[in-house]
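For the sequence shown, the UniProt record's numbering gives the first residue as 1, with consecutive numbering after it. C-beta atoms are modelled at their ideal positions from N, C-alpha and C, and glycine is treated no differently.
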Amino acid sequence: MRAFILLLCLLATSAVTAQERPVGIFQDYTDVGNPKLAGSTQYDEATQTYTLKGSGYNIWFARDEFQYAYKKLKGDFILTANFEFVGNGTDAHRKIGWMVRESKDDNAAHVTATNHGDGLTVLQWRLLKGAFMRDPEDEAFTTKKNYNIIQLERAGKKLTMRAAHRGEPLQVIGSVTMESMKDEVLAGLFISSHNPDVVEEARVWNVRIDQPVPETYNPGKEGWIGCRMEVMNVWDGKRKVIRESTGRFEAPNWMPGGQNLLFNENGSLYKMPITGGTPEKINTEPVNRNNNDHVISFDGKMIALSSHREGLPGGGSTVYVVPIGGGTPKQVTEKTPSYLHGWAPNGKELVFVGQRDGKVYDIYKISVNGGEEIKLTNNVGTHVDGPEYSPDGKYIYYNGNQSGTMQLWRMKPDGSAKEQLTFDEYNNWFPHISPDGKWIAFISFPPDIPVNDHPSYKRVMLRLMGVSGGAPRVIAYLYGGQGTINVPSWSPDSNSIAFVSNSGK
1 MRAFILLLCL LATSAVTAQE RPVGIFQDYT DVGNPKLAGS TQYDEATQTY
51 TLKGSGYNIW FARDEFQYAY KKLKGDFILT ANFEFVGNGT DAHRKIGWMV
101 RESKDDNAAH VTATNHGDGL TVLQWRLLKG AFMRDPEDEA FTTKKNYNII
151 QLERAGKKLT MRAAHRGEPL QVIGSVTMES MKDEVLAGLF ISSHNPDVVE
201 EARVWNVRID QPVPETYNPG KEGWIGCRME VMNVWDGKRK VIRESTGRFE
251 APNWMPGGQN LLFNENGSLY KMPITGGTPE KINTEPVNRN NNDHVISFDG
301 KMIALSSHRE GLPGGGSTVY VVPIGGGTPK QVTEKTPSYL HGWAPNGKEL
351 VFVGQRDGKV YDIYKISVNG GEEIKLTNNV GTHVDGPEYS PDGKYIYYNG
401 NQSGTMQLWR MKPDGSAKEQ LTFDEYNNWF PHISPDGKWI AFISFPPDIP
451 VNDHPSYKRV MLRLMGVSGG APRVIAYLYG GQGTINVPSW SPDSNSIAFV
501 SNSGK
């Protein structure tokens, strides 16, 4: 009898498991509320794009009808994606967006970050199961319309919706505190046609679910969280994840030929195809404490890198050069700490950031054969970082806090004619010049980050602007920071960049 009961339990478990239909990063997709016409969710792995089709009378009043692709989540999380409807549609109030929901019951408590067919963008919620949603008490509106990017973040009991037009920073639309919502919820993409006799369609891409760590989190003591290697076309903003790990890797360089990436992990350098695959270790022995500062020479023949030596000031970060295929590195700098950032186009010199005699960091230039360090900045109470030559050799670009916030600057290779390029409230780091010499890609930290710090695990932006300055535009919203884009990461054709984002505890 006991064996028979066990068999029934196993069969029941199998039946439940069989009902789930994983799609992309989501555990399942389903119609909620039994709409008259069936919906569906499909995932194109080649483009990492979701296509949702769904019907339903609405997501309103005391019950809902819609198509839902979801996964179970606990704790805090950030949901971000690009959305667009397919076709003109039938009802102006058709809806797409992110939803956090207590269950698949049609009257479940939920919070919904919604974009409508007519461009109306709104945060909506049902505080308790079976409650009657109210207008306007259970909504937060914006006067702007037609947002392309929607984000929904849960921090404790508070859920906040942000949205952006392409190229702009995310703006807060509204927030709600869900005191009674349980910790484990369903979170995912939805579509509702607002008409029971119609099926609407939408595409969703750059779908990211990030699980942030507390502000007090210490990676050195508590361990690193997961990483994604991403490549992105900077002109259409479409991103692809090509590698994921529960460990820590950082700072991809695009290698000559455009088919491989170089990155650091666990003190070593690796290369991997831009389509993904198994990384291949590059020999740099006995130098094996490599950090996230590694740069490929303009002629594609050499790698310069920073690696740590024991028992020296600032952790002993030292600059070396090694053939791009690997070999025994040649030491370039003697004094520490020295953090490499750029090659001169002539292949004969390197620029790096160094701290000498326990004072502030300055930018230095040195021959690849070592020797005398040439100091290019003379800071007193200020901080500089990230020096990188332009491809024509006319400028060195860098970030500095001389204005009070961290902004992008450039100077001539002899350290003269310093010129500020960005002028906003963000802390901007690591300017990387496109191979065609026309564009700067860089990372922007929020204003509340300490001005001289570029920590891991923050909500950051990647932005793009012309090499002579101008208004930057956002090309990616992500959870990351230190290790995301510390090094030159443009593709040889100046169309794409590679970077690392973080997620998971």
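Could you name the residues that DSSP lists as bridge partners for residue i?
{"i": "I449", "result": "I449 is not bridged to any residue."}
{"i": "G466", "result": "W439, G469"}
{"i": "T377", "result": "The partner list for T377 (beta bridge, DSSP) is empty, contrary to what the question assumes."}
{"i": "L305", "result": "H294, Y320"}
{"i": "S444", "result": "N428, M461"}
{"i": "T121", "result": "N115"}
{"i": "K365", "result": "V351, I374"}
{"i": "F132", "result": "Bridge partners of F132: none, in fact."}
Looking at residue j and residue i, is the spacing between their C-beta atoms short of 8 Å?
{"i": "E230", "j": "V241", "result": "yes"}
{"i": "R459", "j": "P472", "result": "no"}
{"i": "N195", "j": "K238", "result": "no"}
{"i": "V295", "j": "N253", "result": "yes"}
{"i": "A109", "j": "S180", "result": "yes"}
{"i": "K394", "j": "V368", "result": "no"}
{"i": "G404", "j": "V384", "result": "no"}
{"i": "V500", "j": "R228", "result": "yes"}
{"i": "F188", "j": "M99", "result": "One detail in the question is off: residue 188 reads as Gly in this sequence, not Phe. Yes; because the gap between Cβ atoms is below 8 Å, this pair is in contact."}
{"i": "I440", "j": "V234", "result": "no"}
{"i": "N291", "j": "N264", "result": "yes"}
{"i": "I324", "j": "K359", "result": "no"}
{"i": "G314", "j": "T336", "result": "yes"}
{"i": "A113", "j": "L170", "result": "no"}
When the Cα of residue i is compared with those of the options, which residue comes out closest?
{"i": "R203", "options": "W60, G314, V86", "result": "V86"}
{"i": "G466", "options": "W125, H432, F77", "result": "H432"}
{"i": "I225", "options": "F442, I485, E244, K74", "result": "E244"}
{"i": "Y361", "options": "K394, I497, K74, V351", "result": "V351"}
{"i": "L478", "options": "N502, D64, G469, D105", "result": "N502"}
{"i": "F141", "options": "L123, I149, D135", "result": "L123"}
{"i": "P391", "options": "H454, G342, K182, W125", "result": "G342"}
{"i": "N115", "options": "W125, N88, K145, L127", "result": "K145"}
{"i": "I173", "options": "G167, T160, H165, R208", "result": "T160"}
{"i": "L312", "options": "S338, G325, W125, M302", "result": "S338"}
{"i": "E102", "options": "N88, G117, T121, W125", "result": "W125"}
{"i": "M406", "options": "D414, Y426, G415, T47", "result": "Y426"}
{"i": "I209", "options": "A69, V198, L120", "result": "A69"}
{"i": "D118", "options": "Y147, T112, K104, G130", "result": "Y147"}
{"i": "N107", "options": "E139, A62, A113", "result": "A62"}
Which residues in the same chain have their Cβ closer than 8 Å to the Cβ of residue i, if we skip the five residues on either side of it in sequence?
{"i": "Y191", "result": "The displayed chain sequence assigns Ile, not Tyr, to residue 191. Hits under 8 Å: G39, L52, K53, G54, F66, Q67, R94, K95, I96, E200, E201, A202."}
{"i": "P22", "result": "D28"}
{"i": "Q259", "result": "P273, I274"}
{"i": "P387", "result": "H341, G342, V351, F352, V353, I363, L376, I396, Y397, Y398"}
{"i": "S268", "result": "K281, I282, T284, N288, N290"}
For residue i, does the three-state DSSP call read helix, strand or coil?
{"i": "K95", "result": "strand"}
{"i": "G342", "result": "strand"}
{"i": "P273", "result": "strand"}
{"i": "K36", "result": "coil"}
{"i": "P313", "result": "helix"}
{"i": "Q259", "result": "coil"}
{"i": "P252", "result": "strand"}
{"i": "K53", "result": "strand"}
{"i": "T17", "result": "A caution first: T17 carries a pLDDT of 47, below 50, which makes its placement in the model unreliable, though a value can still be read off. Reduced to three states, the DSSP call for T17 is helix."}
{"i": "E84", "result": "strand"}
{"i": "E200", "result": "strand"}
{"i": "E244", "result": "strand"}
{"i": "P219", "result": "helix"}
Considering only residues of the same chain and omitting the five flanking positions on each side of residue i, which have a CB-CB separation below 7 Å?
{"i": "K418", "result": "W409, M411"}
{"i": "S489", "result": "P252, N253, W254, H432, I497, A498, F499"}
{"i": "F442", "result": "L408, N428, W429, F430, P431, H432, R463"}
{"i": "L128", "result": "A109, S180"}
{"i": "P212", "result": "D76, I78, Y457, Y479"}
{"i": "L11", "result": "With a pLDDT of 46 at L11, under the threshold of 50, the predicted position of this residue should be treated as unreliable, though the coordinate-derived value follows. Answer for L11: no residue qualifies."}
{"i": "D436", "result": "S494"}
{"i": "Q420", "result": "S403, Q407, W409"}
Looking at the C-beta of residue i, does it have a partner C-beta in chain B at a distance below 8 Å?
{"i": "N290", "result": "Looking at the structure shown, chain B is missing, and only one protein chain is on hand."}
In chain order, what residues of the same chain lie with their CB nearer than 6 Å to the CB of residue i, ignoring the 5 residues before and after it?
{"i": "T333", "result": "T318, V319"}
{"i": "P35", "result": "S55, G56, E65"}
{"i": "F149", "result": "According to the sequence provided, residue 149 is Ile. The question's Phe does not apply to it. For I149, where only same-chain residues beyond five positions count, the Cβ hits under 6 Å are N82, A164."}
{"i": "K74", "result": "D183, E184"}
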